[in-house]
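Participant: Numbering (the numbering used here), first residue to last: -16 to 178.
Cβ coordinates follow ideal geometry from the N, Cα and C atoms, glycine included.
Please find one structure pasted underneath; my questions will follow.
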Amino acid sequence: MTTSEPKSTRRTNAGPRAAARNRAALLAAAREIFAEHGAHAPLNAVARRAGVGQGSLYRHFPDRLALVLALFEEQVATVEELARDPRTTLADLLGLVTRHAIDSVVSIDLAAGSPEIRPDPRLVDLRDRIADVLSTRIGPAIDAGLARPGTTVEDVLLGVEMVAAALTRRPADDRERYAVRAWRLLGFEVTPAPR
């Protein structure tokens, strides 16, 4: 005689309807796990925290880089959203980019990869999208005396890279203050966006 599990406790597969929910849970879990344990934390910890199986993790993100790039994609989308407001300044955009760098510091090196290796085209695309947004605010910042004459989008992106790289070597509770100081040394008054 076989005993069957009561209907009320039986787990059912929600199928495709759960895909978006699982993906969001995986991204939220990855943010937390990477912040707690570094970018090389075991991916099964991400799946566990999200409450999904490893199969679901790998269906959405076939490798660690795909997961990190998905996190960056979300951040780029928030910068693009902020830029839709015509009142947004270059300092506002850099403040949001800086907040992302402070919160995602453990993933920066992993996404950038080794300098000897050709950059992943997905990362190049995200960088280009950020460049497009920042370039719309450089002229007004120069006109207002908030950026040096002749400042280019490449200069600003280099500043972002320098600040983000410097944050990887700072304790979490010191990153915000350090970022403000680093931007000031580069000639910008930038306050990281609130969490």
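Three Cβ pairs or more, each shorter than 8 angstroms: is that satisfied between the stretch 109 to 117 and the stretch 71 to 85?
Facilitator: Under the Cβ criterion (8 angstroms, minimum of three pairs), the stretch 109 to 117 counts as touching the stretch 71 to 85.
Participant: Is it right to say P123 is buried, meaning 16 or more other beta carbons lie within 10 angstroms of its own, or is it exposed?
Facilitator: So P123 counts as exposed.
Participant: My output table needs one value for I100: the three-state DSSP class, helix, strand or coil.
Facilitator: Since pLDDT at I100 reaches only 49, below the 50 mark, its modelled position is unreliable, and the value read off the structure follows with that caveat. Here I100 sits in coil by DSSP.
Participant: So, is H20 buried or exposed, given that buried needs 16 or more other C-beta atoms within 10 angstroms?
Facilitator: Counting the other CB atoms within 10 Å of its CB gives H20 a total below 16, which places it among the exposed residues.
Participant: Is the Cβ-Cβ distance between L26 and L40 less than 8 angstroms?
Facilitator: yes
Participant: Sorted by chain position, which residues of the same chain lie with C-beta nearer than 8 angstroms to G170's C-beta, five sequence neighbours on each side aside?
Facilitator: A130, R131
Participant: Can you tell me where the alpha helix (DSSP H) with L129 in it begins and where it stops?
Facilitator: Bounds of any alpha helix (DSSP H) do not take in L129, whose DSSP letter is neither H nor E.
Participant: Enumerate in chain order the residues of its own chain whose CB-to-CB distance from T135 is below 6 angstroms, with the five nearest sequence positions on each side excluded.
Facilitator: none
Participant: Less than 8 angstroms separating the beta-carbons of T81 and V146?
Facilitator: Contact check for T81 against V146 passes: the beta carbons are separated by less than 8 angstroms.
Participant: Along the chain, where does the alpha helix (DSSP H) containing V51 start, and where does it finish?
Facilitator: Counting along the chain, V51 sits inside the alpha helix (DSSP H) bounded by residues 47 to 66.
Participant: Between which two residues does the alpha helix (DSSP H) containing A188 stretch?
Facilitator: Given a span of -16 to 178 for the chain in the structure shown, any question on residue 188 remains unanswerable.
Participant: Please report how far the alpha carbon of T71 lies from the alpha carbon of E15, in whole angstroms.
Facilitator: 29 angstroms
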